[in-house]
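Counting with full-length UniProt numbering, you get residues 1 to 258 for the letters of the sequence shown. Using N, Cα and C, we set each Cβ at its ideal position, and we do this for glycine too. This report concerns only the one structure given below.
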Amino acid sequence: MGKRLAGKVAFITGGSSGIGEATAHRFAQEGAHVFICGRREAPLAAVAEAVRARGGQCDYVVADVGVEGQIAGAIESARAKAGRLDIVVNNAMAYSWGAIADTELDAWRSNFTTTVDGTFFGTRSALRIFREQGSAGAIVNIASICGLFGTAWMAGYSAAKAAVINFSRAAASEGAASGVRVNVVVPGVVETPATAGMLSDDKTRAGTERLIPMKRVGRPEELANAILFLASDDASYVTGAVLSVDGGRAADLVTALE
């Protein structure tokens, strides 16, 4: 077991499954006291129990990241319980499908409440706590390849994830002088509950993999490793970076060659 995060306290939103769950396990393996956050208690409790069963430290807080008071209170309660805060990973997201011409305003805005507002609330809370502690800190925000390229029938989600990327750059500029680093991880297609539909059968999975230069979808653990790097002191001179972890999808214009 490594100790790159020994003595660190980390707060991860969207921690009940997928990338957030894998990151909780990875951080705990590296010595962090991890707090995970989400809207449903049962899966959060299951993840926390699994982390502890492997010898890690993990607690959970039930909160909706799109509700300012809930997420700010959750992060503050974690800081109060652990005595400090060092890392925040804003991973929670929500999305809707639909053609732009048929999208109602509420459906459009639903993409932003969790993804953009939640990232803003989490980042702002972290910056305030780091300032009060007089400490450096690391914030890792999770975007999506949809935030780099237009995606049909996912205009709201694409716009929200693009906002996360440029918001993070602004936050990196503000935090740099006080030692606060803000970076972005951009997943491609990763095998999580959110992508279960597009990977539900051999035909759709093969079609998806054909578009990826490495010819396979990613694993949550591979994203967790990238998040760990940016959260750790190994990335002590990295801020404002946007790191694609996508099997080469964003690098390749011609993606369907066999």
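Residue i and residue j look like a contact to me (Cβ under 8 Å); what is the Cβ gap, rounded to whole Å?
i, j, result
"ILE139", "VAL61", "Actually they are not in contact, since the Cβ atoms of ILE139 and VAL61 sit about 18 Å apart, beyond 8 Å."
"GLY15", "LEU44", "7 Å"
"ALA224", "LEU243", "Not a contact, Cβ separation roughly 13 Å."
"VAL182", "SER168", "5 Å"
"ASP59", "GLY137", "In fact, because the Cβ distance is near 19 Å, the residues do not count as touching under 8 Å."
"ALA74", "ALA63", "4 Å"
"VAL9", "ALA78", "7 Å"
Taking DSSP's pairing of strands, which residues face residue i in a bridge?
i, result
"TYR60", "ILE36"
"ASN90", "ASN141"
"SER244", "VAL186"
"ASP10", "According to the sequence shown, residue 10 is Ala rather than Asp. DSSP lists VAL34 and ILE87 as partners of ALA10."
"GLY218", "VAL190"
So is residue i buried or exposed if we call it buried at 16+ other beta carbons inside 10 Å?
i, result
"ARG26", "buried"
"ASP106", "exposed"
"ASN141", "buried"
"LEU253", "exposed"
"GLU21", "buried"
"MET214", "exposed"
"residue 260", "Outside the modelled stretch of the chain, which goes from 1 to 258, sits residue 260, for which no answer is possible."
"ILE100", "exposed"
"GLY248", "exposed"
"GLY38", "buried"
"ARG131", "exposed"
"ASN166", "exposed"
"residue 270", "Shown here, the chain extends from 1 to 258; a query on residue 270 therefore has no answer."
"ASP246", "buried"
"SER125", "buried"
"ALA82", "buried"
Using a Cβ cut-off of 8 Å (strictly closer), state whether residue i contacts chain D.
i, result
"ARG131", "Although the question refers to chain D, the structure presented lacks it and comprises just one protein chain."
Checklist entry - Pairing CB atoms from the segment 178-187 with CB atoms from the segment 134-149, are three or more of them under 8 Å? => result yes
Checklist entry - Is it true that the segment 30-39 meets the segment 4-12, where meeting means three or more beta-carbon pairs spaced less than 8 Å apart? => result yes
Item to check | Cβ contact check for the segment 173-180 and the segment 223-232: 3 or more pairs under 8 Å | outcome: no
Checklist entry - Which runs of the beta strand (DSSP E), 3 residues or longer, sit entirely within the segment 125-210? => result As summarised for the segment 125-210, the continuous beta strand (DSSP E) elements at least 3 residues long and confined to that stretch are 137-142 and 180-187, given in chain order.
Next on the checklist: Taking 8 Å as the cut-off, does the segment 92-112 touch the segment 209-223 (at least 3 CB pairs, one atom from each stretch)?
Outcome noted: no
Checklist entry - Would the segment 66-77 and the segment 41-55 be scored as touching if the rule is three or more Cβ pairs under 8 Å? => result At 8 Å Cβ cutoff, the stretches do not touch.
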